[in-house]
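Trainee: Sharing a structure, written as structure tokens. Questions coming.
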Amino acid sequence: MSESFGVRLAAKVAASGPLVAGIDPHPGLLADWGLSIDANGLERFALTCVEAFGAEVALVKPQAAFFEAFGSRGVAVLERTIAEARSAGALVIVDAKRGDIGSTMAAYATAFLSDDSPLAGDALTVSPYLGFGSLDPALELSAKTGRGLFVLALTSNKEGASVQRARTDTGVSIAQSIVDSAAERNHGADPLGHVGVVIGATVGETTLDLSRLNGAVLAPGLGAQGGTVADLRRLFGGISGQVLPSSSRDVLRHGPDVAALRAAAVATRESVRELGESTGAAGHSVS
8 MSESFGVRLA AKVAASGPLV AGIDPHPGLL ADWGLSIDAN GLERFALTCV EAFGAEVALV
68 KPQAAFFEAF GSRGVAVLER TIAEARSAGA LVIVDAKRGD IGSTMAAYAT AFLSDDSPLA
128 GDALTVSPYL GFGSLDPALE LSAKTGRGLF VLALTSNKEG ASVQRARTDT GVSIAQSIVD
188 SAAERNHGAD PLGHVGVVIG ATVGETTLDL SRLNGAVLAP GLGAQGGTVA DLRRLFGGIS
248 GQVLPSSSRD VLRHGPDVAA LRAAAVATRE SVRELGESTG AAGHSVS
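So the mapping is simple: this note's numbering equals the position in the sequence shown, first residue as 1, plus 7.
This is the structure in structure tokens:
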């Protein structure tokens with residue numbers, strides 16, 4: 008890709024708003040849609056989502072685990088979903104949360120970030136909990152190929168707090184150390200660097216300082232999980248233009264009707280559009 012992820016992301020958000028629409032083919036949703044819980048049902052679900060909102064939202068986020076659960080046929084559906092969503096005009100965040108060390112992390116990076124891989128979208132979620140430096144192969148390859156990373160920093164699951172809110176020997180939280188490491192990678196990038204972080208829309212009160220991040224914040228949990236636009240404003244304040252709110256179930260429950268799905272995605276897109284109007288704005292602490 009000739010342009011960096013930060014440049015492409017800023018342009019896409021300016022044109023389409025900051026919404027990330029999740030494609031989460033949970034077995035329960037397949038059943039709710041009247042689909043078979045197999046690779047055929049999976050394919051119909053995913054491609055219906057792409058048809059409904061792939062051209063309407065800035066980003067889509069297929070959850071890789073729900074595809075991998077069906078083995079090689081499921082992975083083939085994920086490959087097709089990525090390709091068709093990108094063809095429709097959306098940027099694709101592959102939500103795979105990969106994290107390992109050495110040659111294994113390098114192999115994950117090749118699978119999800121190299122130009123010749125059918126699993127490569129525009130960005131990948133990764134886990135830094137083997138040490139931020141363990142992500143170096145992904146950090147380096149994503150920069151080379153013009154793709155982005157979203158690094159887990161502060162998630163909304165109750166188990167995460169014991170690790171993410173713990174303090175390092177310098178007194179900062181683990182989550183803050185991850186944000187700071189991402190900021191180092193983004194220093195000097197314009198309008199945004201390629202290393203974003205994941206902070207749940209329902210994490211509650213924190214003291215994270217995001218002012219130097221210079222990257223995007225993926226904020227899952229909008230809608231069915233309880234997150235609201237007011238929460239996003241409260242949490243992210245002066246960097247709200249860098250926030251990518253993600254909604255999955257709240258939109259997907261309107262399927263399988265394509266028109267209803269599209270209408271739900273458009274309504275959600277419009278509800279968060281103002282957050283993307285100042286992408287690259289100066290930030291402040293998450294209070």
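Glycine included, C-beta positions come from ideal geometry on N, C-alpha and C. Owing to the predicted nature of the structure, the values given are computational and were not obtained by experimental measurement.
Do you know offhand how far A226's Cα is from R80's?
Mentor: Each residue's Cα considered, the two are about 30 Å apart.
Trainee: For E281 and V158, what's the separation of their Cα atoms in angstroms?
Mentor: Looking at the two C-alpha atoms, the distance is approximately 24 Å.
Trainee: Can you find the residues in the same chain that come closer than 7 Å, C-beta to C-beta, to A46, ignoring five residues on each side of it along the sequence?
Mentor: Answer for A46: F77, R80, G81, V84, listed in chain order.
Trainee: Using 10 angstroms around the beta-carbon of M112, count the other beta-carbons present and answer buried if the total reaches 16, otherwise exposed.
Mentor: Answer is buried; the Cβ neighbour count reaches 16.
Trainee: For a test of the three-state rule: what should DSSP assign to S5, helix, strand or coil?
Mentor: A query on residue 5 cannot be resolved here, the shown segment of the chain reaching from 8 to 294 and no further.
Trainee: Write down the C-beta distance between G200 and G35 rounded to the nearest angstrom, noting that I regard them as a contact closer than 8 Å.
Mentor: At roughly 37 Å, the Cβ-Cβ gap does not stay under 8 Å, so G200 and G35 are not in contact.
Trainee: Going along the chain, which residues of its own chain have a beta-carbon closer than 6 Å to the beta-carbon of S134, five neighbours each way excluded?
Mentor: The residues are K104, G106, L159.
Trainee: How long is the line joining the alpha carbons of A208 and A168, rounded to whole angstroms?
Mentor: The straight-line gap from Cα to Cα measures roughly 14 Å.
Trainee: Could you give the C-beta distance for A65 and P25, rounded to a whole number, given that I count them as a contact under 8 Å?
Mentor: Indeed they touch by this definition, with Cβ atoms about 6 Å apart.
Trainee: Comparing alpha-carbon positions, which option in R240, I44, G230, A127 lies nearest R87?
Mentor: Checked all of R240, I44, G230, A127; the closest Cα to R87 is A127.
Trainee: Should D216 and V186 be called a contact, given that it needs their Cβ atoms to be closer than 9 Å?
Mentor: Yes, the pair counts as a contact, with Cβ atoms nearer than the cut-off.
Trainee: Can you tell me which of the three DSSP states A103 falls into?
Mentor: If DSSP states are grouped into helix, strand and coil, A103 belongs with the strands.
Trainee: According to the Cβ coordinates, are L229 and T175 closer than 9 Å?
Mentor: Not closer than 9 Å, so no.
Trainee: In its own chain, which residues sit with a C-beta less than 8 Å from the C-beta of A289, not counting the 5 before and 5 after it?
Mentor: Note that A289 scores 37 on pLDDT, short of 50, meaning its location in the model is unreliable; the coordinates nonetheless yield the value given after this. Hits under 8 Å: S218, G245, I246.
Trainee: Leaving out five residues before and five after V258 in sequence, what residues of the same chain have Cβ atoms less than 8 Å from its Cβ?
Mentor: Around V258: A28, G29, F60, G230, L268, A271, A272, T275.
Trainee: Would you kindly check if the distance between the Cβ of A182 and the Cβ of G203 is under 9 Å?
Mentor: No, Cβ-Cβ distance for G203 and A182 is not below 9 Å.
Trainee: Going by beta carbon distance, what residues of the same chain come within less than 7 Å of I44, once the five residues before and after it are set aside?
Mentor: The residues are P34, L37, A38.
Trainee: Which runs of the beta strand (DSSP E) fall wholly inside the segment 233–282 and span at least 3 residues, in chain order?
Mentor: 250–254, all fully within the segment 233–282.
Trainee: Can V20 and L251 be called in contact, C-beta distance under 9 Å?
Mentor: In contact: V20 and L251 (Cβ atoms closer than 9 Å).
Trainee: Going by beta-carbon coordinates alone, are R154 and L161 separated by less than 9 Å?
Mentor: No, Cβ-Cβ distance for R154 and L161 is not below 9 Å.
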